[in-house]
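Data block below; observations after.
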Amino acid sequence: MVFSSLLFLFAFLPLTLALYYIVPHNRWRNIVLFIVSLLFYGWGEPVYILVMLGSITAAYGFGFLIAKNRETNRKRARVWMTLSLITNLSALLFFKYANFFIANLRLIPLLSEKLAPIEGLTLPIGISFYTFQIMSYTIDLYRGQTEVQRNFIAFGTYVTLFPQLIAGPIVRYRDVDDQLTGRRETLDLFASGARRFILGLAKKILLGDAASRVYEYAKATAEFNSTALGAWMVMIFYTLHIYYDFAGYSDMAIGLGRMFGFRFLENFDYPYISKSITEFWRRWHMSLSTWFKEYVYIPLGGNRVGRLKQYRNIAVVWFLTGFWHGANWNYIIWGAFFGIILMIEKGFLLKKLEKLPSIVGHLYALLLIGFGWIIFSHTDIAAGWRCFLALFGVGTEALSSPVIRYEFLHALPLLLIAGIGATPYPKRIWDRLGEHDWISCGSITPYGEERPITEDGLVLSKRGKVVAVLTTVGCVFLFVLCVAYMVDSTFSPFLYFIF
Amino acid sequence: MIKKICNTATAVCFLLLVFGFAAAFWILPDSAFSDAENRPLALFPEFTLETLTDGSFNSGMTEYFADQFPARPLFVRMKAECEIAVGRGENNGVLLGKNDQLAVRKFRVYESLLRQTSDMDYYYRENVTLSLDALNAYASNETRPLVTLLPPRSVDVAASALSYPGEITDALHDQIAEGLRPETGYIDLLPLFREHYDAGEYVYFRTDHHWTPEGAYLAYREVMKGFGLEEEIKPPEDFTPEEIPGFYGTTWSKSQLKFIEPDTIRYLSPGNEDRFETSCFSVKMVKDENGRPKKVKEVYKSFPGWLNRDYFTAKDKYAAFLDGTHNEQFVTIPEMDAERERLLIMKDSFANTLVPYLAQHFDLVIGNLTGGVANATELAEEYGCSRVLVVYNWENLITAASLTAIK
């Protein structure tokens, strides 16, 4: 199930909220969350609940063994940790990557006859996310950064918690361990969660999906009439689509978390205002970058080793980052693409860029990010390459065509709104006008900085009060508008009966 | 204080909306059919252990929820008007032009019969070539006089009312003009219809994808000219207009732009409908006494004239002509049995409004191409037709393969 579906909003959510707030104690509330999260997960693929439960049980069990040995016998603790990680990773490797490996091995002449792809193997939803969450628990435990979780329900709730289960943010165990057993739900936190959720829904439905339609259209026209403008539209609108889709989903997750008393870390920090790729990856999908930095890059020696080893570390992390996004070569190329740029930036470019006017850095970063999305969005690598060349008019029939110009002109308002919305300015202005941050109050930055939940002694001027009321009314309006778009997406008239 | 009020208001409104719609969904009765979408709506899925494990219960629930959602038409309309308000200039692939002219821009084009793409304004040239080639092949074997009418779409005719470029119209127009051999008797209708449309005449509906009876009259004259029967054309004065207001057509339904004014059907009556009779045939394959397959034709419906006036009071008013869609029909004057010349019409629904005019000159044998009737030669022989007319509009040309089977 996804958040942006009618079934989630008007069946799953009310049921969950009602059950959650009817039961009295956190312990019972965790049971409610655990059960409804399993339901949420199993809606599409009931069988894969078992895979997830297996992973949870394994990590939960190994957790005791790691905790028991970590003070006394480091080596033994290490063995248990390794076993726990292998168990978890093997599920991910098998379900996500087995057929990719088989397909590639089959390219070797002698093996093509003997190997056959495993049939009926579909990717369990969210497996990439929850596997990483479970691993953070195991590793933190081994490192002594957190305590063992004895309560299976609490641990199960951590992994399966439906707000972040299928698309993140990847919540580190040690960031929420206290909240699992001792969180407090308040009206203020709930209201701030509802606002955040609605904003995320609007990002996804009103901007992300709209950008996606333009992208899909531009991509499809390449088959009929390949133009440079079409290729630019593919790049620009995919760039907008993936940001609003993903950041919107993270907003919804964070908002939903707050409705149930959880405070998750932020996942996006206006990535498209970056002036370098290094900066971009500090702002994009932060929970994933943090995860790789903490559990791969730093253990490999991070920056504290020689130049050559640093480059090796970057290469490893970016190969893995690319591969994590999908079992296909284009994702690996996409990761390698960024790995190489990051190495160059580390080598000399970053220092050069800092000396230039910031507009150069912005253009440089946006272009490379866009090129990256072309690789990312084309699982057919040859098609991706054609699209890339088409940006420069290579291999195209024309620079543009009347119909594509028409489409582009009519997508300009969207481009304008979505472009401005990807910068911090609208929110900054709104916060300043309103003298209060209504949207992010209660959130925690990835650097651990807590933004206070609406403080009690808040005093607002007349203007601030007007903004407060407008925020409330605006949220209701946006929510209804999103519902309209969701309902409309299921509108499928069958009209051509007289032919 | 303001904080408390706003936070309480946010929480209460959110919960009211979420729980309110949930409650309304379960309390309001389900409807089985949607008139707006002209399709049955999903009902509560069957709940058994089997449907639960194979996932069909879950997908059924998702559909049920979407189809029976409270105030569904209102939401759909809200989205449509929002799209226009933000300057998209269209909704669901339907352009909104001057004077409330609607025109479908994007169509469901097929790459092949197996693979369907999403709605698109470009089209596969190869598919159109297949249809044109089939028509050429048929025409080269047909010895009877043949006229081919390929009516353009609203988006082609009403170009002056739309800010949409003519790139695809031109490409399609040229491909047809260059692709058809003279034997097909092809008549290029686009310039004619554009001229009359631009002169402010009501030749195509604003809310429907068909031409109007006035538009069909223009086409009728072209058919007669094409057969060399120019002198026999009935002048407009021979027909009495009858106005049927309140027609909301298919394009209107697709667009969901409810503020658009309805069309008026101006039916041009020749005044002699009651002399005519239309019969609808079904064809069944049975075995004869020797066990060989044999075709049996049965009349399953017949009515006086060519109109089913019941449709004039329903939503789908265009279906009044020829009673909507039937695969094989015969329009004749019973008292003049077999005295009149017979014309075979291989057609789609555009031909339905031609019938009142053509029936003045011929008995009409009508085969519905889009219903899979494609054997023109057999039909013409069976009824003894002396002329053939093909009517097949551009939208079908780019989205369907019916014409490829003509022989």
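Going down the list, the protein sequences come from chains A and B.
With this note's numbering applied, the first sequence covers 560 to 1058.
With this note's numbering applied, the second sequence covers 61 to 467.
Glycine residues also receive a C-beta, built at the ideal position from the N, C-alpha and C atoms.
Model, not experiment: these values are computed from the prediction.
Beta-carbon proximity check, residue i vs residue j, cutoff 8 Å
{"i": "residue 39/B", "j": "residue 415/B", "result": "Shown here, chain B extends from 61 to 467; a query on residue 39/B therefore has no answer."}
{"i": "residue 31/B", "j": "residue 217/B", "result": "Residue 31/B cannot be examined here, being either before or after the span of chain B that is shown, 61 to 467."}
{"i": "residue 597/A", "j": "residue 608/A", "result": "yes"}
{"i": "residue 788/A", "j": "residue 964/A", "result": "yes"}
{"i": "residue 307/B", "j": "residue 278/B", "result": "no"}
{"i": "residue 650/A", "j": "residue 610/A", "result": "yes"}
{"i": "residue 661/A", "j": "residue 688/A", "result": "no"}
{"i": "residue 565/A", "j": "residue 126/B", "result": "yes"}
{"i": "residue 792/A", "j": "residue 967/A", "result": "yes"}
{"i": "residue 320/B", "j": "residue 193/B", "result": "no"}
{"i": "residue 969/A", "j": "residue 149/B", "result": "yes"}
{"i": "residue 163/B", "j": "residue 169/B", "result": "no"}
{"i": "residue 454/B", "j": "residue 211/B", "result": "yes"}
{"i": "residue 462/B", "j": "residue 437/B", "result": "no"}
{"i": "residue 754/A", "j": "residue 989/A", "result": "no"}
{"i": "residue 335/B", "j": "residue 293/B", "result": "no"}
{"i": "residue 1023/A", "j": "residue 993/A", "result": "yes"}
Spatial distance of residue i from residue j (CA atoms)
{"i": "residue 808/A", "j": "residue 674/A", "result": "39 Å"}
{"i": "residue 853/A", "j": "residue 844/A", "result": "14 Å"}
{"i": "residue 628/A", "j": "residue 571/A", "result": "42 Å"}
{"i": "residue 138/B", "j": "residue 1041/A", "result": "10 Å"}
{"i": "residue 625/A", "j": "residue 709/A", "result": "13 Å"}
{"i": "residue 466/B", "j": "residue 428/B", "result": "11 Å"}
{"i": "residue 759/A", "j": "residue 270/B", "result": "43 Å"}
{"i": "residue 907/A", "j": "residue 1035/A", "result": "50 Å"}
{"i": "residue 299/B", "j": "residue 358/B", "result": "33 Å"}
{"i": "residue 981/A", "j": "residue 856/A", "result": "29 Å"}
{"i": "residue 795/A", "j": "residue 314/B", "result": "29 Å"}
{"i": "residue 305/B", "j": "residue 231/B", "result": "36 Å"}
{"i": "residue 893/A", "j": "residue 656/A", "result": "17 Å"}
{"i": "residue 714/A", "j": "residue 648/A", "result": "18 Å"}
{"i": "residue 379/B", "j": "residue 310/B", "result": "11 Å"}
{"i": "residue 1057/A", "j": "residue 323/B", "result": "Unreliable positioning characterises residue 1057/A in this predicted model, as indicated by a pLDDT of 44, which lies under 50. The coordinate reading is nonetheless provided below. For residue 1057/A and residue 323/B, the distance between alpha carbons rounds to 18 Å."}
{"i": "residue 1/B", "j": "residue 317/B", "result": "No answer is possible for residue 1/B: it lies beyond the span of chain B, which begins at 61 and ends at 467."}
{"i": "residue 620/A", "j": "residue 654/A", "result": "22 Å"}
{"i": "residue 443/B", "j": "residue 407/B", "result": "17 Å"}
{"i": "residue 118/B", "j": "residue 684/A", "result": "16 Å"}
{"i": "residue 1043/A", "j": "residue 921/A", "result": "36 Å"}
{"i": "residue 184/B", "j": "residue 457/B", "result": "10 Å"}
{"i": "residue 365/B", "j": "residue 124/B", "result": "43 Å"}
{"i": "residue 740/A", "j": "residue 721/A", "result": "17 Å"}
6 Å Cβ shell around residue i - same chain, five flanking residues per side excluded
{"i": "residue 67/B", "result": "none"}
{"i": "residue 351/B", "result": "none"}
{"i": "residue 790/A", "result": "946, 949, 950"}
{"i": "residue 354/B", "result": "346, 348"}
Contact belief for residue i with residue j at Cβ below 8 Å, rounded distance in angstroms
{"i": "residue 694/A", "j": "residue 644/A", "result": "6 Å"}
{"i": "residue 815/A", "j": "residue 756/A", "result": "6 Å"}
{"i": "residue 391/B", "j": "residue 423/B", "result": "7 Å"}
{"i": "residue 901/A", "j": "residue 873/A", "result": "6 Å"}
{"i": "residue 928/A", "j": "residue 943/A", "result": "Residue 928/A to residue 943/A, Cβ: 15 Å. No contact."}
{"i": "residue 806/A", "j": "residue 659/A", "result": "That belief does not hold up - the Cβ atoms of residue 806/A and residue 659/A are roughly 28 Å apart, past 8 Å."}
{"i": "residue 615/A", "j": "residue 718/A", "result": "5 Å"}
{"i": "residue 882/A", "j": "residue 891/A", "result": "5 Å"}
{"i": "residue 588/A", "j": "residue 579/A", "result": "6 Å"}
{"i": "residue 923/A", "j": "residue 909/A", "result": "With a Cβ gap of about 11 Å, residue 923/A and residue 909/A do not count as contacting."}
Contacting residues, own chain, Cβ-Cβ under 8 Å from residue i (five flanking each side not counted)
{"i": "residue 418/B", "result": "280, 283, 403, 405, 424, 449"}
{"i": "residue 705/A", "result": "696, 699, 732, 733, 736"}
heavy atom of the ligand HEM below 7 Å from residue i C-beta
{"i": "residue 694/A", "result": "Absence of the ligand HEM is noted for the structure shown, with no ligands found whatsoever."}
Cβ shell of residue i (< 7 Å), same chain only, five flanking positions each side left out
{"i": "residue 330/B", "result": "298, 299, 416, 420"}
{"i": "residue 226/B", "result": "219"}
Would you check if the stretch 790-810 of chain A and the stretch 861-870 of chain A touch, i.e. whether three or more CB-CB distances between them fall below 8 Å?
no
Inter-stretch contact at 8 Å, needing at least 3 Cβ pairs: the stretch 742-756 of chain A / the stretch 773-780 of chain A
Fewer than three beta-carbon pairs drawn from the stretch 742-756 of chain A and the stretch 773-780 of chain A are found closer than 8 Å, and the two stretches are therefore not classed as touching.
Counting Cβ pairs closer than 8 Å, one from the stretch 249-265 of chain B and one from the stretch 283-300 of chain B, do we hit at least three?
Judged by Cβ distances under 8 Å, the stretch 249-265 of chain B makes no contact with the stretch 283-300 of chain B, as fewer than three pairs qualify.
Check whether the stretch 325-345 of chain B and the stretch 355-374 of chain B touch, using three or more Cβ-Cβ pairs below 8 Å as the test.
yes
Any contact between the stretch 104-123 of chain B and the stretch 76-84 of chain B? By contact I mean 3 or more CB pairs, one from each, below 8 Å.
With a cut-off of 8 Å on Cβ pairs, the stretch 104-123 of chain B is not in contact with the stretch 76-84 of chain B, counting fewer than three such pairs.
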